[in-house]
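Student: Mind having a look at this structure? Questions to follow.
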Amino acid sequence: WAGVLAHGLGARLAVTHLGFYGAGPRPDSIQQLTETVTDLAAWLHRYSRGSVRLAIEPSGHPDVFGSRQEVLDLVRQVKGTVPVLNVPHLAARERTAFDTPESLASVIQEFVAASGGPLYLHFSGVEFYGPGEFRLTPIKRGQVRFDPLAELLAERDYDVTVISSSPLLEHDAMY
């Protein structure tokens, strides 16, 4: 339905997570997800006449498809897909705070290269737990700060759309 709604609203992307790995070996699950995404991206291309692409974002949970490498490999393999850089999910998955512009630069470069054009980026604060993400938080309260990202984006000429996924959307929009 997201693709139908995206097309009806004139959106360029329908953003999704792909879900849990299956019960079998992880490579088998990834192969099955790749086949499903290939079919879905082809359907979306036909339905929207190429105006909406399927966008895959990382997951902050290790039991859910969406490590950095998995997302980048998938979008390189499947025509009609692009990556979405969800900074808090990736920070939780990789157990890093991305606390300097330099720590984010290579990540953004990878996602820009894989997107083949404009980059779609989600940001909010995040609280880590054990192996992954506990919850998204307001920007000022999480374990990932916005300042390094803002500094990097101001220094470079990226074509990027930054979306706040903060639970305090209006408050954090002014930040």
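The sequence shown begins at 1 in full-length UniProt numbering and counts up one residue at a time. Ideal placement from N, C-alpha and C gives every residue a C-beta, glycine not left out.
Near Leu40, which residues of its chain fall below 7 Å by C-beta distance, leaving aside the five closest residues on each side in sequence?
Tutor: Result list for Leu40: Leu54, in chain order.
Student: Spatial neighbours of Val75 within its chain, please: CB distance less than 7 Å, with the 5 preceding and 5 following residues excluded, ordered by chain position.
Tutor: Ile56, Thr81, Val82, Pro83, Ala114.
Student: How many Å lie between Asp3 and Ala11 at the Cα?
Tutor: The identity of residue 3 in the sequence shown is Gly, whereas the question assumes Asp. Using only the alpha carbons, I get a separation of about 9 Å.
Student: Who does Thr136 pair with in a DSSP beta bridge?
Tutor: The residue asked about is misnamed: residue 136 is Leu in this sequence, not Thr. Paired residue(s): Val126.
Student: Opposite residue 234 in the DSSP bridges: which residues?
Tutor: Examination of residue 234 is not possible in this model, given that the chain is present from 1 through 175 alone.
Student: Measuring only the C-alpha atoms, how far is Pro131 from Val160?
Tutor: So the alpha carbons of these two residues sit roughly 29 Å apart.
Student: In chain order, what residues of the same chain have a beta carbon less than 7 Å from the beta carbon of Thr34, not counting five sequence neighbours either side?
Tutor: Only Leu74, Gln77, Val78 meet the Cβ criterion.
Student: Given a threshold of 16 other Cβ atoms within 10 Å of its Cβ, counted over all protein chains shown, does Gln31 qualify as buried or as exposed?
Tutor: Exposed is the call here.
Student: When you compare only the Cα positions, how much space is there between Asn86 and Phe65?
Tutor: Spanning the two alpha carbons is a distance of roughly 14 Å.
Student: What's the gap between the Cα of Arg95 and the Cα of Glu127?
Tutor: Roughly 11 Å separates the two Cα atoms.
Student: Leaving aside the five residues before and after Ala92 along the sequence, list all residues of the same chain whose C-beta is less than 6 Å from its C-beta, in chain order.
Tutor: Excluding residues within five positions, the ones whose Cβ falls inside 6 Å are Gly60, Val126, Phe128, Gly132, Glu133.
Student: Measure the alpha-carbon distance for Pro148 versus Asp28 and round it to whole angstroms.
Tutor: If I take the Cα positions, the gap works out to 37 Å.
Student: Thinking C-beta only, is His7 closer than 8 Å to Val37?
Tutor: No, these two residues do not count as a Cβ contact at 8 Å.
Student: On a CA-only basis, which of Leu119, Gly22, Arg141, Ile139 is nearest Leu72? Give me that one, please.
Tutor: Measuring from the Cα of Leu72, the nearest candidate turns out to be Leu119.
Student: Determine, using beta carbons only, whether Phe146 and Phe123 come nearer to each other than 8 Å.
Tutor: A contact, by the Cβ cut-off of 8 Å.
Student: Distance, Cα to Cα, Asp63 vs Tyr21?
Tutor: Whole-angstrom Cα-Cα distance: 6 Å.
Student: For Pro101 versus Glu151, is the C-beta spacing smaller than 8 Å?
Tutor: Contact: yes.
Student: When DSSP labels each residue in this structure, what does Thr38 get in the three-state scheme?
Tutor: The answer is helix: DSSP assigns Thr38 an H, G or I state.
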